[in-house]
Amino acid sequence: MHSPLAPWNHPAAAAAGVRLYVKRDDLLTPAPGTALQGNKVRKLGGILTAALEQREPPVLASFGGAYSNHLSALATAGRLFSIPIVLYVRGEEADNAVLTRARADGAHLIPLSRTEYRMKGQAEWLAARSSDLAQAYQRPAEQIWWLPEGGTTAESALQTGALYPEIVNDLHGQVPDFLCLSAGTGGTAAGVIAAAQPPTRIEVFPALKGDWMSASIRALLPNPDQGNWSLITDYHFGGYGKFPEAWRMASPGIATRAALPEPGLPPLEPIYTAKLFFGVLDRLRRRVYPAGSTVVIIHSGGIY
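Per the UniProt record's numbering, the very first residue in the sequence shown carries number 1; after that it's consecutive.
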């Protein structure tokens with residue numbers, strides 16, 4: 001599967017003398033209209049393939065917030081491929097459109113208090129939960145497969161890194177000067193950073209505030225000292241899930257949609273991609289990108 005690269009003839013790009021493109025990874029999906037699209041397809045592809053190679057599919061268990069695209073995508077994958085899915089959901093919110101859809105897809109949702117959620121990385125906690133799930137699903141403990149929050153693994157970083165050669169191929173061998181993408185856990189960014197070649201610079205736009213993401217990305221890089229990237233931290237709008245109310249628009253699907261007053265926009269959601277597109281356009285207007293450069297925005301999905 002290969003997502004299209006589309007030129008975006010935005011007035012801000014024309015005024016800055018910049019060639020602007022959008023990598024439409026939101027169109028990369030085996031199931032249109034679901035959260036299993038874009039970077040979620042790339043992240044989950046390896047483990048889903050491995051699960052389907054088993055004589056009996058394992059139980060896939062993972063973590064996320066109440067509006068997590070990762071959890072929604074995993075639930076969709078469970079329905080499509082008949083794999084048992086268990087989702088540990090952070091916080092007290094028991095019901096919203098995303099969680100309702102996940103339940104309808106057959107996933108088993110287990111709410112965790114924020115205190116207990118912070119224990120998810122502890123070996124003792126995971127062992128106890130594995131034992132519980134093995135008993136509930138009548139499987140050996142090794143048939144309980146855990147995915148980290150966001151779905152990032154060493155395998156998934158290779159898959160998200162495939163974005164870079166795809167883009168170069170779509171540009172007929174031209175190496176882009178800037179690749180811009182949003183980030184929640186930093187997994188997709190790490191894959192792209194590791195794959196990129198000079199002179200491309202990767203700009204990562206976090207959807208959250210806080211200085212932890214730089215260390216998180218470096219921990220996922222084969223070469224932690226790789227210097228071809230930077231965090232652009234001016235566009236989180238106060239933190240995860242926070243955005244200008246004027247962006248909110250009626251959604252034809254499950255996830256919230258965003259309306260920015262810009263021409264030629266693809267469908268966006270306000271948690272990740274609207275912040276990214278807003279940030280890139282602002283930087284174009286401030287002439288951050290040199291005239292003559294090629295800038296590619298990666299639309300990672302979340303449109304369902």
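Heads up, the beta-carbon is just placed ideally off N, CA and C, and yes, glycines get one too. Just so we're clear, the structure is a prediction, and the values are computed from it rather than from any experiment.
Helix, strand or coil for residue i per DSSP?
{"i": "W125", "result": "helix"}
{"i": "V288", "result": "coil"}
{"i": "I298", "result": "strand"}
{"i": "L109", "result": "strand"}
{"i": "L268", "result": "strand"}
{"i": "L231", "result": "strand"}
{"i": "A258", "result": "strand"}
{"i": "R248", "result": "strand"}
{"i": "residue 311", "result": "For residue 311 there is no data in the structure shown, the boundaries of the chain being 1 and 304."}
{"i": "D225", "result": "coil"}
{"i": "Y304", "result": "coil"}
{"i": "Q135", "result": "helix"}
{"i": "A196", "result": "coil"}
{"i": "A141", "result": "helix"}
{"i": "T273", "result": "helix"}
{"i": "R283", "result": "helix"}
Considering Cα atoms alone, identify which of the options is closest to residue i.
{"i": "I298", "options": "Y304, A274, S113 and A291", "result": "A274"}
{"i": "A134", "options": "R42, V98, A61 and T115", "result": "A61"}
{"i": "A107", "options": "L28, R79, R55 and L126", "result": "R79"}
{"i": "E142", "options": "E56, A196 and G45", "result": "E56"}
{"i": "H70", "options": "V41, T49, K242 and A50", "result": "V41"}
{"i": "S68", "options": "L44, L99 and A51", "result": "L99"}
{"i": "W229", "options": "V288, A194 and S131", "result": "A194"}
{"i": "W146", "options": "R201, I85 and H236", "result": "I85"}
{"i": "S300", "options": "N39, Q54, S214 and A50", "result": "N39"}
{"i": "V204", "options": "L87, Y272, A250 and A14", "result": "Y272"}
{"i": "P206", "options": "H236, R90 and G253", "result": "H236"}
{"i": "Y88", "options": "S82, T76, Y117 and A77", "result": "Y117"}
{"i": "G33", "options": "A12, T76, E262 and T49", "result": "T76"}
{"i": "Q226", "options": "I110, A259 and Q197", "result": "Q197"}
{"i": "Y304", "options": "N223, M1, A31 and K23", "result": "A31"}
{"i": "L109", "options": "F81, G65, L126 and S131", "result": "G65"}
The beta strand (DSSP E) spanning residue i covers which residue range?
{"i": "W145", "result": "I144 to W146"}
{"i": "A88", "result": "For clarity, residue 88 is Tyr in the given sequence; the question names Ala instead. It spans I85 to R90 - the beta strand (DSSP E) in which Y88 sits, taken as one unbroken run."}
{"i": "F63", "result": "V59 to G64"}
{"i": "R201", "result": "R201 to P206"}
{"i": "A6", "result": "L5 to P7"}
{"i": "L20", "result": "R19 to R24"}
Would you give the residue range spanned by the alpha helix (DSSP H) that residue i belongs to?
{"i": "W212", "result": "W212 to L220"}
{"i": "R103", "result": "A97 to A104"}
{"i": "A15", "result": "P11 to A16"}
{"i": "A51", "result": "N39 to L52"}
{"i": "A35", "result": "Where A35 is concerned, there is no enclosing alpha helix (DSSP H), given that its DSSP letter is neither H nor E."}
{"i": "R114", "result": "R114 to Y117"}
{"i": "H236", "result": "First-last for H236: undefined, no H or E at that position."}
{"i": "G253", "result": "Neither: G253 is in no alpha helix (DSSP H) and is coded neither H nor E."}
{"i": "L80", "result": "N69 to F81"}
Verify the CB distance criterion: does residue i have a CB-CB separation below 7 Å to chain C?
{"i": "E92", "result": "In the structure shown, chain C does not exist; there is a single protein chain."}
I'd like to confirm something about residue i: is its beta-carbon nearer than 6 Å to some heavy atom of the ligand PLP, or not?
{"i": "M249", "result": "Absent from the structure shown: the ligand PLP. Ligands present: none."}
ask   = Looking at C-beta atoms only, is the number of pairs between the segment 81-101 and the segment 206-216 that lie closer than 8 Å three or more?
value = No: the two stretches stay apart, fewer than three of their Cβ pairs being nearer than 8 Å.
inquiry  = With three or more beta-carbon pairs closer than 8 Å as the criterion, would you say the segment 98-105 touches the segment 119-128?
reply    = Result no; under three Cβ-Cβ pairs closer than 8 Å.
key: Any beta strand (DSSP E) of 3 or more consecutive residues that is wholly inside the segment 144-194   = Fully enclosed beta strand (DSSP E) runs of 3 or longer: 144-146 and 178-183.
Segment contact, 8 Å Cβ cut-off, at least three pairs: the segment 180-189 with the segment 130-150 = Flag = yes, the segment 180-189 and the segment 130-150 touch.
key: Inter-stretch contact (C-beta, 8 Å, three-pair minimum) for the segment 258-269 and the segment 219-237   = Here the segment 258-269 makes no contact with the segment 219-237; the two share fewer than three CB pairs at distances below 8 Å.
ask   = Counting pairs of Cβ atoms below 8 Å between the segment 165-172 and the segment 2-10, do you hit three or more?
value = Yes: the two stretches touch, three or more of their Cβ pairs being nearer than 8 Å.
inquiry  = Three Cβ pairs or more, each shorter than 8 Å: is that satisfied between the segment 12-24 and the segment 277-296?
reply    = Taking a cut-off of 8 Å on C-beta distances, the segment 12-24 touches the segment 277-296, as three or more cross pairs fall below it.
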